[in-house]
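There are 2 protein chains.
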Amino acid sequence: MSENWYESLTDAELNNEIAHLEERAAQIAAQNLKLDMARGKPSREQLDLSRPMLDVLGADADLFDGSIDCANYGCFEGIPSARALFAELLGTQAQNVFMGGESSLTLEFDTLEHAMVKGVMGNTPLMYQMQKAPLKWICLVPGYDRHFAITQHFGFELIPAPLTGCGPDMDIVEELVKDPQVKGMWCVPQYSNPSGETYSSEVVERIANLKPAAADFRVYWDNAYCEHHLYEDDREHVDSIFDACEKADNPHLVYAFCSTSKMTFPGAGVSALAASKENLADLAQSNTNRLIGHDKLNQLRHARFFGDVEGLRAHMNKHAAVLRPRFDAVNRKLEQELGSLGVASWTHPKGGYFVSFTGMPGSAKATVSMAKELGITLTGAGSTWPYGEDPQDSNIRIAPTMPTLSNLEQALDVFTVCVKLVSARLVRDARR
Amino acid sequence: MSENWYESLTDAELNNEIAHLEERAAQIAAQNLKLDMARGKPSREQLDLSRPMLDVLGADADLFDGSIDCANYGCFEGIPSARALFAELLGTQAQNVFMGGESSLTLEFDTLEHAMVKGVMGNTPLMYQMQKAPLKWICLVPGYDRHFAITQHFGFELIPAPLTGCGPDMDIVEELVKDPQVKGMWCVPQYSNPSGETYSSEVVERIANLKPAAADFRVYWDNAYCEHHLYEDDREHVDSIFDACEKADNPHLVYAFCSTSKMTFPGAGVSALAASKENLADLAQSNTNRLIGHDKLNQLRHARFFGDVEGLRAHMNKHAAVLRPRFDAVNRKLEQELGSLGVASWTHPKGGYFVSFTGMPGSAKATVSMAKELGITLTGAGSTWPYGEDPQDSNIRIAPTMPTLSNLEQALDVFTVCVKLVSARLVRDARR
C-alpha cells in the first residue's frame, strides 16, 4: 500500500475533499439504489447454465445406477457413480466417500454434532468434555462466517489464527494443537473464503503432519471451491490431503467436504464427505440411525449431467466465463478509484467467490454501514472473524457474483465513495 | 382366535402332521426362492406412478414459487406452496410448517438431537439431564423399529406401552408421563406401523390434554400414512392434533412429521415438520446454523406435481389400486391356510404399509428364521418392540407392498407353512 493520500492534504484540503465526497454520497442516496453484494450467491446467468440438468432424468429415464434403484429406499452411502465423481474431486477413492444431502454445510454440522453427542471414534462426547473445561476450535482468518457460526453454536471458544496468502500460519497452528482442549480447525484449502488463497504443498504437508494433543482433533477440510477457477490458463490446485495424511501416517486426521452448490443449483445440489474407513464407520453409528439414504435421484441427475470429472470441468469453465468479467470489474474499479490513495488493499483471486478487501483500521463497520444507507448491502463487517469481531475493523468481504455486471459496477462506484469518505473522515478525526 | 387345532390332535396325528409339513418345507427349500417382505418399500408399479413428476421441472421451467427463486440460496423455512400443502396434510397453518430434506426420519432425528444438545425451549440439554439420571421414552407397541432405534441411539430407556386398536392405552400413558424423566413418545397416529390402527378422537383428545411432569416432554407425531388409504369408500382419518392441543391449551406439546416418501420416491421426496411458532423458533436456533434451506427445486417439483391436496389424493388413489390386491392376498392366504387352525391372528388395515401378525407365544423368531432358510426375508422378529425384545415372541410385521403379486402369494404360501410347522412343533414340545 502506498502512502495515505488524505494524510498528505492540509486540513482545508481534507475538509474540502470530505465535503465533495459527502455531496456525492447525497447524490447517490437520492437514487434509491437497492443492490446486494452480501452473499456468495450465483447469478441468474450461472443458474441458467445448469438448466439442462433438469432434463437429465425425465419420466422415461433409466433410474438405475448399475444395480442400484435410485427411485427406492436403500444405498445408505450414496450411488456408485456419484461417489466415484466426488472421490476424484476430493483426492481419494470412492469407498472413502459418503454422499450427503443438499449442502456440505449441513454435512459439516452433522459431523460435528456426532462428535458432540457420541464422541469421535470412541472418545468421550465433546458435550461431556465441554462441561469440565472449555473446548476450542481454530478459526483461520479471514474466514467463513457460517463455519464460525457452527462451532460457536456448539459452544466452542473460537481461536483465530492467521492465513498467510498460501494457507494458515503453520507455526501458530502447530503450537495451538498442543492444547488438548483444541478439537478442530476449519480449512477452505482452495480459493479460500474470502481471501481466495490456495494452500501451498508445504502447508498441506504440515497440516497432514499435525500431531494434536487431542486424539479427537479433526481438520474440517471444506474444499468448496475445488473446481471454481476463473482463468483456464492460470489455475491453482491444492494437493490431496488424503495422500499427504497417508504419507504422514495420520490417516484419521481429516474430514473433507465438497458440494455442487456453486456448480449447479445452490441448496438443491448434492454434497459429499470423504474420510478414512474408520472415520466413516464411526460417523455411520449416527448416520445409520438418522437416514436410510440421501436423495439418490439427485445424485443420479448430477452424475449423469456431468458424466465425469472432465465434463464437470467443462461446465465449470462456463461458470468462469460468467464470473471473470465480474472479478475483473471489481479489480478495475477498485484500482481506478482507490489504487493511488493508499487507503486499501484487496486480493486478486484466481478462483472462488470473493474478493477480500482491507481498508484503514477502524474503517470497515463505518464503510458497510454507509454503503447500506446508500442502498448497497455488503457482507457484515467483521463477519470474516470469529464472533464478528475483526480486531482491526478493516476487513470487508466483497461478493461480486450475484449482481448483473452493470449493477456490480454501480455498486462498486458507491462502495468506493464510501471507502474514500470513511477514510478521509478517519484522517480528519485523528488530527483533532 | 378359535381353539388351537394342533392341540386337538393325538400325538400320532400331530407327528404325522409335522412330518407332512417338514416334507413341504423340504420341497420349498429345493426351489431356491429369494423373496423379500422385510421392509415397507413401494413396488415398481408404485414408483412408476410418480415418473411423470420427473418431467414437471424441465430445462425451460419457471423455477420461481411466487417471489421465491427455487434455484438459488434462501427461503430457510421452505417454499410457500409446499408449506401450504403440508399444512393441510398435518392439520395446521402454513406458517407452522418447516420443510425438511428427503426424509421425515432424518427430521425426527435432528429434532431430537436439538433437544439433546441445546435443550427444548430453554430447558437443560437432555445430554446433561441424562448424566444425572436415565431419561425415558414411551414406545407404543407394536411399533416402528427405526423410531425405537433413534431414541436408543441417544441413550433413552425405552418404555413399551400397549396400543389398543384405536391408539395407545391412555390410562398407561397418562401414568407414565407423571415421571419427569419421561421426555417423549413416538406416535404413528394413522394406519400405525405395523398395527394399521388409527387413533380415535378420544385418544387424540387425551394425548392433547397430557400434562407431563417434564416441561420438555414432546409427542413425536409421525403422520407418515396420513393419505395412504386402501379403500376409497372406507377411509380412516385422525383428528388434527393441533386443533386438539389448542383446545387443551397445550400448544407446544407436539411436533408433527410427514413426508412424500411413500407418495413419490422414497429417499428422494420432501418432508415437513409442523409445530407451534415457539417450537419452530426454538428449533431454528439449531437449523439456522445447520442449513441455508432444504432442496427447494424438489419442493417445487412436488408442489407442482400434486397441484393441491385433491391432486395428491387422486395420486394416492392410484397407489391404493396397486396395493389393494396385495393386502387382499395377504388376508386371503392367511385366512385360507391359517383361518381354522386357531394359531394366529392378524390385522385388517384400511391403509398404511403393513399387516401385523400374531402367532403363538414363542413362535415369531422360529417362524422368521425358518422362512429365511426357505428363501423368504421377513422383518426381524421382535423388531416391532423396543430393543427387539417382544416379550411374547409372537409378533411379525408383514410388509406386502414390494413384491409382485405373484411373488407375494408365493411368499405367503411359504410363510403359512412356516407358521404351521412352528406351531405344531410348539404343541408337540409342550407335551414332552
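Listed in order, the protein sequences are those of chains Z and G.
Counting in this note's numbering, the first sequence runs from 1 upward without gaps.
Counting in this note's numbering, the second sequence runs from 1001 upward without gaps.
Glycine included, C-beta positions come from ideal geometry on N, C-alpha and C.
(request) Mind checking the region 50 to 64 of chain Z against chain G and listing, in chain order, the residues whose C-beta falls within less than 7 Å of any C-beta there? (result) Arg51, Pro52, Leu54, Asp55, Leu57, Gly58, Ala59, Ala61
(message) Given 8 Å as the limit, tell me if Arg39 (chain Z) has its C-beta closer than that to any heavy atom belonging to the ligand SAM.
(response) This structure lacks the ligand SAM, and indeed carries no ligand of any kind.
(request) Please list the partners that Ser103 (chain Z) has in chain G, where partner means a Cβ-to-Cβ separation under 8 Å. (result) Taking the first sequence and counting its residues from 1, the one referred to as residue 103 (chain Z) is at position 103. Near Ser103 (chain Z) (Cβ distances below 8 Å), the residues of chain G are Leu1291, Ile1292.
(request) Can you tell me which of the three DSSP states Ile1079 (chain G) falls into? (result) Here the question's residue 1079 (chain G) lines up with position 79 in the second sequence. Coil at Ile1079 (chain G), not helix or strand.
(message) Relative to the C-alpha of Pro42 (chain Z), which candidate in Z:Arg206, Z:Pro168, Z:Tyr225, Z:Gly375 has its C-alpha closest?
(response) Position 42 of the first sequence holds residue 42 (chain Z). Per the Cα distances, Z:Tyr225.
(request) Find the residues of chain Z that neighbour Ile1150 (chain G), judging by a C-beta separation of less than 7 Å, and give them in chain order. (result) Taking the first residue of the second sequence as 1, we reach residue 1150 (chain G) at position 150. Under the 7 Å cutoff, chain Z gives Asn289.
(message) For Glu1102 (chain G) and Leu90 (chain Z), what's the separation of their Cα atoms in angstroms?
(response) As a first step, residue 1102 (chain G) is located in the second sequence; it is residue number 102 there, counting from the start. As a first step, residue 90 (chain Z) is located in the first sequence; it is residue number 90 there, counting from the start. So the two alpha carbons sit approximately 25 Å from each other.
(message) Starting from Asp60 (chain Z), trace the alpha helix (DSSP H) in both directions and tell me its first and last residue.
(response) Taking the first residue of the first sequence as position 1, residue 60 (chain Z) is located at position 60. Counting along the chain, Asp60 (chain Z) falls outside any alpha helix (DSSP H), and DSSP gives it neither H nor E.
(request) Give the DSSP-derived three-state secondary structure of Cys1245 (chain G) in the structure shown. (result) For the purposes of this step, residue 1245 (chain G) is taken as residue 245 along the second sequence, with counting starting at 1. Helix.
(request) Report the residue from Z:Ser286, Z:Gln299, Z:Leu49, Z:Leu158 whose alpha carbon sits nearest the alpha carbon of Val270 (chain Z). (result) For the purposes of this step, residue 270 (chain Z) is taken as the residue at position 270 of the first sequence. Val270 (chain Z) has its Cα closest to that of Z:Gln299, out of Z:Ser286, Z:Gln299, Z:Leu49, Z:Leu158.
(request) Report the residue ranges of all alpha helix (DSSP H) runs contained in full by the region 1081 to 1129 of chain G; include only those spanning at least 4 residues, in chain order. (result) Complete alpha helix (DSSP H) runs here, min 4: 1104 to 1117.
(message) Assuming contact is defined by CB atoms lying nearer than 9 Å, are Arg1324 (chain G) and Ala59 (chain Z) in contact in what I supplied?
(response) Counting from one through the second sequence, the residue named residue 1324 (chain G) turns up at place 324. Counting from one through the first sequence, the residue named residue 59 (chain Z) turns up at place 59. Taking 9 Å as the cut-off, the beta carbon of Arg1324 (chain G) is found no closer than this to the beta carbon of Ala59 (chain Z).
(request) Kindly say whether Tyr1128 (chain G), judged by its beta-carbon, lies nearer than 9 Å to any beta-carbon of chain Z. (result) One-based indexing of the second sequence puts residue 1128 (chain G) at position 128. True, the Cβ-Cβ gap to chain Z drops below 9 Å.
(request) State the start and end residues of the unbroken beta strand (DSSP E) segment that holds Glu157 (chain Z). (result) Within the first sequence, numbered from 1, the residue matching residue 157 (chain Z) stands at position 157. Note, Glu157 (chain Z): beta strand (DSSP E), 157 to 162.
(message) In the DSSP assignment, the beta strand (DSSP E) including Phe257 (chain Z) goes from what residue to what residue?
(response) In the first sequence, residue 257 (chain Z) corresponds to position 257, counting from 1. 254 to 259 is the extent of the beta strand (DSSP E) around Phe257 (chain Z).
(request) Check whether the Cβ atoms of Tyr1006 (chain G) and Leu1334 (chain G) lie closer than 9 Å to each other. (result) Locating residue 1006 (chain G) in the second sequence gives position 6, counting from the first residue. Locating residue 1334 (chain G) in the second sequence gives position 334, counting from the first residue. Not closer than 9 Å, so no.
(message) If I follow the unbroken alpha helix (DSSP H) through Leu1341 (chain G), where does it start and stop?
(response) On the second sequence, position 341 is the one that residue 1341 (chain G) refers to. Leu1341 (chain G) -> no alpha helix (DSSP H), and no H or E assigned at all.
(request) Report yes or no: is there a C-beta of chain G within less than 9 Å of the C-beta of Met116 (chain Z)? (result) Position 116 of the first sequence, counting from 1, holds the residue named residue 116 (chain Z). With a threshold of 9 Å between beta carbons, Met116 (chain Z) makes contact with chain G.
(message) On the CB-based measure, 16 or more other CB atoms within 10 Å of its CB, does Cys1166 (chain G) come out buried or exposed?
(response) If you number the second sequence from 1, residue 1166 (chain G) lands on position 166. The residue is exposed, with fewer than 16 neighbouring Cβ atoms inside 10 Å.
(message) At 3 residues or longer, what runs of the beta strand (DSSP E) sit wholly inside the region 1299 to 1387 of chain G?
(response) 1355 to 1358, 1376 to 1378
(request) Would you give the residue range spanned by the beta strand (DSSP E) that Ile398 (chain Z) belongs to? (result) Looking up residue 398 (chain Z) in the first sequence gives position 398. Run containing Ile398 (chain Z): 395 to 398, per the beta strand (DSSP E) assignment.
(request) Tell me whether Lys132 (chain Z) sits in a helix, a strand or coil according to DSSP, three-state version. (result) For the purposes of this step, residue 132 (chain Z) is taken as residue 132 along the first sequence, with counting starting at 1. Lys132 (chain Z): helix per DSSP, three-state reduction.
(request) List the endpoints of the continuous alpha helix (DSSP H) containing Ala26 (chain Z). (result) Along the first sequence, read from residue 1 onward, the residue named residue 26 (chain Z) stands at position 26. Per DSSP, Ala26 (chain Z) belongs to the alpha helix (DSSP H) from 11 to 30.
(request) Using a Cβ cut-off of 9 Å (strictly closer), state whether Tyr1191 (chain G) contacts chain Z. (result) The sequence position of residue 1191 (chain G) within the second sequence is 191, counting from 1. It does not: the Cβ of Tyr1191 (chain G) has no partner Cβ on chain Z nearer than 9 Å.
(message) Starting from Cys1187 (chain G), trace the alpha helix (DSSP H) in both directions and tell me its first and last residue.
(response) The residue given as residue 1187 (chain G) occupies position 187 in the second sequence. Judged by DSSP secondary structure, Cys1187 (chain G) falls outside any alpha helix (DSSP H) and instead within the beta strand (DSSP E) spanning 1182 to 1187.
(request) Whole angstroms is fine: what's the gap from Leu85 (chain Z)'s alpha carbon to Asp308 (chain Z)'s? (result) As a position in the first sequence, residue 85 (chain Z) is number 85, starting the count at 1. As a position in the first sequence, residue 308 (chain Z) is number 308, starting the count at 1. Going from the Cα of Leu85 (chain Z) to the Cα of Asp308 (chain Z) covers about 6 Å.
(message) I want to know whether the region 1150 to 1166 of chain G touches the region 141 to 151 of chain Z - three or more CB-CB distances under 8 Å.
(response) Result no; under three Cβ-Cβ pairs closer than 8 Å.
(message) On a Cα-Cα basis, can you pick out the residue from G:Pro1080, G:Asp1036, G:Asp1062 that is closest to Ala1272 (chain G)?
(response) Looking up residue 1272 (chain G) in the second sequence gives position 272. By alpha-carbon distance to Ala1272 (chain G), the top candidate from G:Pro1080, G:Asp1036, G:Asp1062 is G:Pro1080.
(request) Under the assumption that Pro1403 (chain G) contacts Asp1062 (chain G) (Cβ atoms under 8 Å), give the Cβ distance between them as a whole number of angstroms. (result) Along the second sequence, read from residue 1 onward, the residue named residue 1403 (chain G) stands at position 403. Along the second sequence, read from residue 1 onward, the residue named residue 1062 (chain G) stands at position 62. Pro1403 (chain G) to Asp1062 (chain G), Cβ: 40 Å. No contact.
(request) Return the residue from the list G:Met1316, G:Tyr1199, G:Leu1021, G:Phe1242 that minimises the CA-CA distance to Glu1232 (chain G). (result) Here residue 1232 (chain G) refers to the residue found at position 232 when the second sequence is read from its first residue. Nearest C-alpha to Glu1232 (chain G) among G:Met1316, G:Tyr1199, G:Leu1021, G:Phe1242: G:Met1316.
(request) Could you tell me which chain Z residues have their CB closer than 8 Å to the CB of Asn1072 (chain G), listed as they occur along the chain? (result) Here residue 1072 (chain G) corresponds to residue number 72 of the second sequence, with the count starting at 1. Neighbours of Asn1072 (chain G) in chain Z, taken as residues whose beta carbon is under 8 Å from its own, are Lys41, Pro42, Leu47, Phe265, Pro266, Gly267 in chain order.
(message) Considering Cα atoms alone, identify which of G:Gly1382, G:Ala1424, G:Glu1003 is closest to Ile1018 (chain G).
(response) The sequence position of residue 1018 (chain G) within the second sequence is 18, counting from 1. Out of G:Gly1382, G:Ala1424, G:Glu1003, G:Ala1424 has the C-alpha closest to the C-alpha of Ile1018 (chain G).
(request) Could you name the residues of chain A that Asn1298 (chain G) contacts, counting a contact when the two beta carbons are closer than 8 Å? (result) No chain A appears in this structure, whose protein chains are Z and G.
(message) Distance cutoff 9 Å, beta carbons only. Does His1319 (chain G) sit that close to anything in chain Z?
(response) The sequence position of residue 1319 (chain G) within the second sequence is 319, counting from 1. No, because no Cβ of chain Z sits closer than 9 Å to the Cβ of His1319 (chain G).
(request) Report buried or exposed for Arg1044 (chain G), applying the criterion of at least 16 other Cβ atoms within 10 angstroms of its Cβ. (result) Translated into positions along the second sequence, residue 1044 (chain G) becomes position 44. Arg1044 (chain G) is exposed by the Cβ-count criterion.
(message) Taking the alpha-carbon of Val417 (chain Z) as reference, which of Z:Arg290, Z:Ile376, Z:Glu174, Z:Pro400 has the nearest alpha-carbon?
(response) Here residue 417 (chain Z) corresponds to residue number 417 of the first sequence, with the count starting at 1. Of the candidates Z:Arg290, Z:Ile376, Z:Glu174, Z:Pro400, the one whose C-alpha sits nearest the C-alpha of Val417 (chain Z) is Z:Ile376.
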